[in-house]
Amino acid sequence: MDQEKKYPQAIPIIPSQAIWGVLLIALAFRLWGVTNPLLDFHSWRQTLTATIAYNYYAHGMSFLDPTPSQLNQLGAFEFPLYTYIIAIFYKILGFHEIIGRLVSIAFSMSSIWFLYLLVKRYYNETAGIIACAFFAVLPLSVYYTRVFMPESAMLFFSIAMIYMFTRWLDTRKWKHFVWALLLSTLAFLVKLPTLYLGGPLLFLAWNKFRGKIFYQFPLYVFVVLILIPPGLWYSHVSDLHHKSSGESNLWLSLITNWDVLSTVRYWKLIFWTRLVEKMFAFTAFPFLVLGMFHARENKEQLVFHIWFASVCVYFVIAAKLNFIHEYYQVPIIPVGCVFIGVYLSNYYKHKLSTNWQSDKIAWLVVLMLAFVPIHSIYKLNKR
6 MDQEKKYPQA IPIIPSQAIW GVLLIALAFR LWGVTNPLLD FHSWRQTLTA TIAYNYYAHG
66 MSFLDPTPSQ LNQLGAFEFP LYTYIIAIFY KILGFHEIIG RLVSIAFSMS SIWFLYLLVK
126 RYYNETAGII ACAFFAVLPL SVYYTRVFMP ESAMLFFSIA MIYMFTRWLD TRKWKHFVWA
186 LLLSTLAFLV KLPTLYLGGP LLFLAWNKFR GKIFYQFPLY VFVVLILIPP GLWYSHVSDL
246 HHKSSGESNL WLSLITNWDV LSTVRYWKLI FWTRLVEKMF AFTAFPFLVL GMFHARENKE
306 QLVFHIWFAS VCVYFVIAAK LNFIHEYYQV PIIPVGCVFI GVYLSNYYKH KLSTNWQSDK
366 IAWLVVLMLA FVPIHSIYKL NKR
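Have a look at this one:
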């Protein structure tokens, strides 16, 4: 008897329709609470960001000349692309704080699309859809891409830069080079710690050119041009910080106080409470771990392992700030979702040809997956 008639199969995923469904679900999750005042979790950081946007709107749109009230917190020194975009919308539509949240959501929707393209390029459409589905509903993925903070913009530029750099290596077309250059520069400008993404970029370049990497003139141009703007900007704001406070070690403060690394509390908080519980909703985390062992069919796919490891190194280098602020760990969510998508995609394809309805393990997987949005709703409701 034909295998298709012998067993009732899982419903095949139709990528062209499924990705739009994922985007709609992601939008629905993020619109929940979009009209809330900026008094939810991390309200201090949201109000700081909102103040910067308002200052641009109310006191002039001089991008390089922030007002003194913007210099009270470290976050005020970040490249203000996100807040400046919001200020522009304030000028057009009037002052409404919801605009900040909507800009975050717009970046988030774009992040999901580029994550889909990235995973599709390295694996397949099904893995991309599943990865995006988790990114769409995981609790801290939802929360920090709908709040009045630049994390959503940072995630977008991070994912898009890796995709466009990959496209340039594939095609060697200048249009892809320019896009990769622009997105990488903006990623490093919006959040300076995203320099850790140099790890996956370097790996991709080495995997492509091997020993000839040192003879690739475009790579030298790329490195120089993506580092000059962040260098100029952060030198500029360091001078502003020195003039306003008299302190000169602004960036050194980001990587000091490593004593916290010797405490059990640090490792438990970062890797259990935040990653396992809050970011990957308990039951998604095992699929992440399994995916790390199933996500290498060829050498170039190691880019996701390098990406994951680079973020973990950042957790250690900026240990104190990661210990204090949970949103500093948000960059690990998209690459974690990639591993989840790869494993579940392979598992799904395997179950297409088996009697999965009588498989207890398959039902356990279904229950674990069903728990994720329930846990997410519960966590989001408490914020």
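For the sequence shown, the working numbering assigns the number 6 to the initial residue and increments by one for each residue that follows. Ideal Cβ positions, reconstructed from N, Cα and C, are used throughout, including at glycine.
Rounded Cβ spacing between residue i and residue j (contact assumed at less than 8 Å)
i	j	result
ALA31	ILE345	Incorrect: roughly 15 Å between the Cβ atoms, too far for contact.
ALA138	SER163	With 8 Å as the limit, ALA138 and SER163 do not qualify as a contact, their Cβ atoms being about 19 Å apart.
TYR352	VAL370	7 Å
ILE103	VAL147	That belief does not hold up - the Cβ atoms of ILE103 and VAL147 are roughly 17 Å apart, past 8 Å.
THR288	MET373	4 Å
ILE167	ALA141	19 Å between Cβ atoms; not a contact.
LEU69	VAL195	Between VAL195 and LEU69 the Cβ distance is about 16 Å, and since that is not below 8 Å, they are no contact.
LEU174	LYS125	About 16 Å; that fails the 8 Å criterion.
GLY105	ALA58	6 Å
LEU143	VAL377	7 Å
ILE311	GLY204	5 Å
Closest by C-alpha distance to residue i, when choosing among the options
i	options	result
GLU331	PRO234, THR199, LEU145 and ALA185	LEU145
MET297	LEU266, CYS317, TRP263 and VAL340	VAL340
TRP272	HIS241, PHE320, SER315 and ILE233	PHE320
VAL265	LEU123, THR52 and PHE328	PHE328
CYS342	ALA33, ARG35 and LEU160	LEU160
PHE285	LEU326, SER381 and TYR333	SER381
TRP37	ALA58, VAL152 and TRP49	VAL152
SER122	ALA165, ASN303, ALA324 and TRP49	Checking the sequence shown, residue 122 turns out to be Leu, not Ser. Of ALA165, ASN303, ALA324 and TRP49, the residue nearest in Cα terms is ALA165.
PHE292	LYS365, LEU200, PRO234 and ALA132	ALA132
LYS304	PHE208, TRP49, ALA63 and VAL228	PHE208
SER350	ALA314, ALA300, LEU202 and ASP364	ALA300
GLU130	VAL335, LYS365, PRO378 and LYS354	LYS354
ARG172	LEU200, LEU197, LEU202 and LEU206	LEU206
SER115	LEU28, SER48, ILE311 and PHE82	LEU28
ILE93	GLY65, LEU197 and GLY204	GLY65
ASP244	ASN60, PHE82, PRO155 and PHE276	PHE82
ILE231	THR176, LEU44, TRP263 and LEU197	LEU197
LEU202	PHE309, ASP364 and THR88	PHE309
LYS283	TRP179, THR56 and ILE379	ILE379
TRP179	ALA33, TYR220 and PHE227	PHE227
LEU274	GLU302, TRP312 and LEU326	LEU326
THR52	SER67, ILE91 and MET154	MET154
GLN221	SER240, TRP263, ILE97 and ARG177	ARG177
Cβ-based neighbour list, residue i, same chain, cut-off 6 Å, excluding 5 preceding and 5 following
i	result
TYR127	GLN306
PHE46	ARG388
SER157	SER109, PHE112, SER113 and THR150
TYR383	none
PRO235	PHE193 and LEU194
Assigned exposure category for residue i - 16 Cβ within 10 Å defines buried
i	result
ILE337	buried
LEU385	buried
THR54	buried
PRO42	exposed
ASN77	Interpretation of ASN77 is limited by its pLDDT of 49, a score under 50 that renders its predicted location unreliable; the figure taken from the coordinates is listed afterwards. With fewer than 16 other Cβ atoms within 10 Å, it is exposed.
GLN75	Bear in mind that the predicted position of GLN75 carries a pLDDT of just 48, short of 50, making it unreliable; the figure below should be weighed with that in mind. By the neighbour-count rule (16 or more Cβ atoms within 10 Å), GLN75 is buried.
ILE233	exposed
ILE24	buried
VAL229	exposed
LEU44	exposed
TYR61	buried
TYR95	buried
THR88	buried
PHE119	buried
ILE91	buried
ILE134	buried
ARG270	exposed
Other residues of its chain near residue i: CB distance less than 8 Å, five sequence neighbours each side excluded
i	result
ILE218	ALA210, TRP211 and LEU224
CYS317	ILE337
Close beta carbons around residue i, own chain, < 7 Å, minus the five adjacent residues each side
i	result
MET3	Here the chain has residues from 6 to 388 only, and residue 3 is not among them.
PHE84	LEU194, VAL195 and TRP238
ARG35	ILE110, SER113, VAL147, THR150 and ARG151
VAL281	PHE287 and PHE290
Kindly provide the ranges of any alpha helix (DSSP H) runs that are 4 or more residues long and lie completely inside the stretch 59-121, ordered along the chain.
86-98
As an exercise, report each continuous alpha helix (DSSP H) stretch of at least 4 residues that is fully enclosed by the stretch 169-217, in chain order.
179-195 and 203-214
Tell me the start and end of each unbroken alpha helix (DSSP H) in the stretch 301-330 that is at least 4 residues and wholly inside, in chain order.
308-322 and 324-329
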